[in-house]
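Q: In the numbering used here, the protein residues as written are 7 to 220. Sharing a structure with you now.
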Amino acid sequence: MKVIDLTHAIESSMSVYQGTERPSFETVNTYEKDGFKETRISMYSHTGTHMDPPAHIFRDRTTLDAFPPDQFIGKALVIDCTSLDEGEPITMEHLLAYGEKVKAADFLLFNLGWDERWGTKEYFGDYPCIDDSVLDYILQRSYKGIGFDVIGLDPVADVNLTRHKKLFQNKDIVNIENLCNLEKCGSELFWFSCFPLKLTDCDGSPIRAVAWFE
Numbered sequence: 007m008k009v010i011d012l013t014h015a016i017e018s019s020m021s022v023y024q025g026t027e028r029p030s031f032e033t034v035n036t037y038e039k040d041g042f043k044e045t046r047i048s049m050y051s052h053t054g055t056h057m058d059p060p061a062h063i064f065r066d067r068t069t070l071d072a073f074p075p076d077q078f079i080g081k082a083l084v085i086d087c088t089s090l091d092e093g094e095p096i097t098m099e100h101l102l103a104y105g106e107k108v109k110a111a112d113f114l115l116f117n118l119g120w121d122e123r124w125g126t127k128e129y130f131g132d133y134p135c136i137d138d139s140v141l142d143y144i145l146q147r148s149y150k151g152i153g154f155d156v157i158g159l160d161p162v163a164d165v166n167l168t169r170h171k172k173l174f175q176n177k178d179i180v181n182i183e184n185l186c187n188l189e190k191c192g193s194e195l196f197w198f199s200c201f202p203l204k205l206t207d208c209d210g211s212p213i214r215a216v217a218w219f220e
């Protein structure tokens, strides 16, 4: 079995969404004093490679802990969008290139090649986003989730979170951001898991996203 980690490491110097704080780590127990090590971690729920549920945007919509565990595992397909320039839209042309595999997937993961910019100011640039036709296509089907190797479903400049609102208003689906290594997954369907922490009334959580090939 081949396993590929699609998750950025959480560390104090990592890229975070503008206006939020980086995670912090405080050693509260040490080997020398206590005979074991334990760390207090402080971070936002949308830190690093993470997942949004509908409750991220809407007060009365589904929280992450309300989803069944099988929401977070299934067949995924990487959509190669690396040929796009900054600001260009992801269109149905990119999906249709994969034929019936697009319909067979539980998760659509969009590879912009953006994770190469992780840790730099360019990561917050004008990355390509899905257009209305792609979002409508997703909403008309029963996908468990979508994912991207960028920091947001919406452009950084869109403070109204237009795509988030449209995605989550009436559909129980998850959105994954800050993926990495999508270029290693090929162009065929593969097994994918993205389990979040089980936090009560959860608006979002870091995940460990993994692809595996049998």
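The beta-carbon is built from N, C-alpha and C at its ideal position, and this holds for glycine as well.
Assuming residue 180 contacts residue 150 (C-beta within less than 8 angstroms), just tell me the rounded distance between them.
A: Rounded, the Cβ-Cβ distance is 7 angstroms, consistent with contact.
Q: Less than 9 angstroms between the C-beta atoms of residue 156 and residue 115, yes or no?
A: Their beta carbons are not under 9 angstroms apart, which means residue 156 does not touch residue 115 by this criterion.
Q: Under 8 angstroms by Cβ, that's how I've got residue 113 and residue 198 pegged, so tell me the actual separation to the nearest angstrom.
A: Confirmed, about 5 angstroms.
Q: Straight-line CA distance for residue 61 to residue 183?
A: Cα-Cα distance, rounded: 16 angstroms.
Q: Distance check for residue 39 and residue 68, CA to CA, integer angstroms please.
A: Going by the C-alpha atoms only, they are around 44 angstroms apart.
Q: Does the pairing of the region 45 to 55 with the region 16 to 32 give three or more beta-carbon distances under 8 angstroms?
A: Result yes; three or more Cβ-Cβ pairs closer than 8 angstroms.
Q: Identify, in the order they occur along the chain, each residue of the same chain with its Cβ nearer than 6 angstroms to the Cβ of residue 212, setting aside the five sequence neighbours on each side.
A: Contacts found: 53, 54, 56.
Q: Please state the DSSP three-state secondary structure of residue 74.
A: In the structure shown, residue 74 sits in coil (DSSP, three-state: anything other than H, G, I, E or B).
Q: Taking Cβ to Cβ, would you say residue 21 is nearer than 9 angstroms to residue 158?
A: No, the Cβ-Cβ distance between residue 21 and residue 158 is not below 9 angstroms.
Q: I'd like the span of the alpha helix (DSSP H) that includes residue 106, first residue to last.
A: Looking at the DSSP string, residue 106 is not in any alpha helix (DSSP H), and its letter there is neither H nor E.
Q: For the beta strand (DSSP E) containing residue 196, name the first residue and the last one.
A: Residue 196 -> beta strand (DSSP E) spans 196 to 202.
Q: May I have the straight-line CA-CA distance separating residue 154 from residue 36, to the nearest angstrom?
A: Cα-Cα distance, rounded: 38 angstroms.
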